[in-house]
Amino acid sequence: KRISYYYVKLIMSYKFPNYLKYADTHEYVMEENGLLKIGVSEFAVDQLGDIVFVELVEQGSNLQKGETFGTIESVKAVEEVYIPFSGKIVSVNDNVIDNPEILQNDPIGEGWLVIFKPESKCLFEELMTSDEYKSKVVPN
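Residue numbers for the sequence shown follow our numbering, beginning at 1441 and rising by one.
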């Protein structure tokens, strides 16, 4: 019982800001002036453990919905990150590539991964709200 209590307490300390939408694969999306800032949720970063390497596609890359836009390597695993909509990468967070601990320490703030210009209107209803994502990753 003690372990589950501490696990739930840890999970409840994650941030699930209402301004974010989430993909099933744990990427978050934040819309800013017609562009999308995309990163990885605090929950996913925590599950990965110590992040040692981040590789992202080049700025200017055109991607189709569901394609990978990079990999995150930790001491536990290597995970791919996926783009939720079709469009073009307009900016890559080189700071995260140079210093993966930024992603580890602040995934929603300074640890964003790419800024993306969708090729058409995004169907945000295809993504989860913060509450829907929280109910997926937090045990009942």
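Ideal Cβ placement from N, Cα and C applies to all residues, glycine included.
query: Buried/exposed call for E1520, threshold 16 Cβ in 10 Å; result: exposed
query: Length at least 3, wholly inside the region 1509–1569: the beta strand (DSSP E) runs in chain order; result: 1518–1522, 1527–1532 and 1554–1558
query: K1528 versus F1456, V1480, Y1459 and S1501, residue with shortest Cα-Cα distance; result: S1501
query: Residues sharing a beta bridge with F1493, DSSP; result: E1513
query: Classification of Q1499 by the beta-carbon crowding that lies within 10 angstroms, buried from 16 upward; result: exposed
query: Separation of S1453 from I1542, as counted between CA atoms; result: 19 Å
query: Buried versus exposed, by CB contacts within 10 Å (16 or more), E1482; result: buried
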